[in-house]
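K.L.:
The structure is given below, and queries will be raised subsequently.
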Amino acid sequence: MTILETEALTRAYGGVVAVNKVDFSVESGLITGLIGPNGAGKTTLFNNMTGLDIPSGGKVFFNNKDITGFPAHKICRMGIARTFQNIRLFKDLSVVENVMIGRHFKTGPSETKGRFVNALHSYVYLKREEQEIYEKADSWLDFFDMGQFKNELAKNLPYGKQRELEIARALATEPELLFLDEPAAGMNPQETEHLMSIIRKIRDLGITVVLIEHDMKLVMNICDTITVLNYGQKLAEGTPREIKHNPRVIEAYLGKEEA
440 MTILETEALT RAYGGVVAVN KVDFSVESGL ITGLIGPNGA GKTTLFNNMT
490 GLDIPSGGKV FFNNKDITGF PAHKICRMGI ARTFQNIRLF KDLSVVENVM
540 IGRHFKTGPS ETKGRFVNAL HSYVYLKREE QEIYEKADSW LDFFDMGQFK
590 NELAKNLPYG KQRELEIARA LATEPELLFL DEPAAGMNPQ ETEHLMSIIR
640 KIRDLGITVV LIEHDMKLVM NICDTITVLN YGQKLAEGTP REIKHNPRVI
690 EAYLGKEEA
């Protein structure tokens with residue numbers, strides 16, 4: 440079943456067309472890779488699908504609902520979460536507080552609007568709600584084997600753990616669909632291997648994953664399907680094996696040594 444798709448999605452900045460009429464689809468329960476040279480339009484496509492940018496043309500559908508141009512917070516609450524190329528943690532907050540923020544972002548202020556009619560009842564309710572959010576955040580840290588770090592400041596974590604923390608915070612929003620923008624960037628081989636196991640575990644929870652990544656070993660090993668962008672257009676799509684042996688992809692991106 441298709442969980443997300445774009446139809447002729449286009450994003451132009453003045454005379455520069457960053458994404459040009461791209462049809463892209465994501466099947467539920469799979470890990471989908473999005474690859475291509477620097478400047479191919481991958482992150483722009485991510486931004487237009489997750490509400491951080493507004494397409495110049497075309498449509499975005501999530502669970503058959505048109506979400507084109509929806510703001511990021513609304514898309515998040517519908518069930519789409521993401522990470523970024525550059526780590527965006529609250530570095531002076533604790534590890535567990537960072538994950539709790541993800542959960543708060545999911546629930547949002549609108550759900551608490553009517554809770555202050557009775558101050559005492561509201562206080563009790565909010566204390567209980569905060570405890571539940573803490574416990575949920577704690578469970579996500581256990582999922583990442585990071586429970587021992589929960590009271591550390593985020594800025595004191597090793598680089599690879601900061602990357603994992605950002606993913607944990609995204610998962611705290613309880614998404615159906617998770618976008619990962621270059622999750623292995625800057626990681627050493629051991630950290631990358633660990634990341635691959637984490638992404639598989641996320642998929643095994645029933646969460647659909649889409650990732651942008653330049654580490655071809657990671658992409659070829661964990662992705663069920665891959666889409667290749669080049670100069671803002673879709674160049675190819677298929678299984679890792681099909682992409683690895685596609686002459687157009689080899690010429691534009693992989694090179695003969697990768698194939």
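Per the working numbering, the very first residue in the sequence shown carries number 440; after that it's consecutive. Using N, Cα and C, we set each Cβ at its ideal position, and we do this for glycine too.
1) Within 8 angstroms, do at least three Cβ pairs link the region 532-539 to the region 582-600?
2) Using the rule of at least 16 other Cβ atoms within 10 Å of the residue's Cβ for burial, across every protein chain shown, is Phe555 buried or exposed?
3) What residue range is occupied by the uninterrupted alpha helix (DSSP H) comprising Ser636?
4) Determine which residues share a DSSP beta bridge with Tyr598 and list them.
5) So Arg450 is in the alpha helix (DSSP H); what residue range does that whole segment cover?
6) Of the residues Glu613, Leu604 and Glu591, which one's Cα is nearest the Cα of Ile572?
7) How would you write the range of the beta strand (DSSP E) that Ala457 sits in, first residue to last?
8) Buried or exposed: Asn590, going by 16 or more other Cβ atoms within 10 Å of its Cβ?
9) How close, in whole Å, do the beta carbons of Thr471 and Thr666 come, if the pair is a contact with beta carbons under 8 angstroms?
10) Counting only the same chain and skipping the five closest in sequence on each side, list residues whose C-beta sits under 7 angstroms from that of Lys575.
11) Is Ile514 near Phe500, with beta carbons less than 9 angstroms apart?
12) Candidates Ser495, Thr445 and Thr489: which alpha carbon is nearest Gly454's?
13) Taking Gly671 as the reference, give the member of Phe583, Leu619 and Leu473 with the closest Cα.
14) What three-state label does DSSP hand Asp505 in the structure shown?
15) Among residues of its own chain, excluding the 5 on either side of Glu444, which ones have a beta-carbon nearer than 6 angstroms to its beta-carbon?
16) Going by C-alpha to C-alpha distance, which of Leu674, Lys673, Asn669 and Thr647 sits closest to Asp663?
17) In whole angstroms, what is the alpha-carbon distance linking Phe544 and Asn459?
18) For the putative contact between Asp620 and Phe509, defined by C-beta atoms under 8 angstroms, what is the C-beta separation to the nearest angstrom?
19) Would you report the Cα separation of Asn660 and Arg450, rounded to the nearest angstrom?
20) What are the start and end residues of the beta strand (DSSP E) that includes Arg521?
21) Here's the rule I'm using: 16 or more other beta-carbon atoms within 10 Å means buried, otherwise exposed. How should Ile493 be labelled?
22) So Met440 and Ser467 are in contact, right, with Cβ under 8 angstroms, and what is the actual spacing, rounded?
23) Just to confirm my understanding: we take Lys600, look at its own chain, exclude 5 residues before and 5 after, and list those with CB closer than 7 angstroms. What are they?
24) Can you find the residues in the same chain that come closer than 6 angstroms, C-beta to C-beta, to Arg608, ignoring five residues on each side of it along the sequence?
25) With DSSP as the reference, please indicate the residues paired to Gln672 in a beta bridge.
26) Does DSSP classify Thr551 as helix, strand or coil?
27) Nearest by alpha-carbon distance to Thr678: which of Leu469, Leu448 and Gly478 is it?
P.N.:
For this structure:
1) yes
2) Confidence is the limiting factor: at Phe555 the pLDDT is only 39, short of 50, which leaves the residue's position unreliable, though a coordinate-based value still follows. Label assigned to Phe555: exposed.
3) Pro628 to Asp643
4) According to DSSP, which records beta bridges pairwise, Tyr598 is partnered with nothing at all.
5) Taken as a continuous stretch (DSSP letters only), Arg450 belongs to no alpha helix (DSSP H), being part of the beta strand (DSSP E) at Thr441 to Tyr452.
6) Glu613
7) Val455 to Glu466
8) exposed
9) 7 angstroms
10) Arg542 and Ala611
11) no
12) Ser495
13) Leu473
14) strand
15) Ser464 and Phe500
16) Thr647
17) 32 angstroms
18) Contact doesn't hold; Cβ gap of about 19 angstroms is too wide.
19) 31 angstroms
20) Ile519 to Arg521
21) exposed
22) 5 angstroms
23) Met585 and Phe588
24) Asn537, Val538 and Gly541
25) Asn669
26) Because Thr551 sits at a pLDDT of 42, beneath the cut-off of 50, its placement in the model cannot be relied upon, and the point is left open.
27) Leu469
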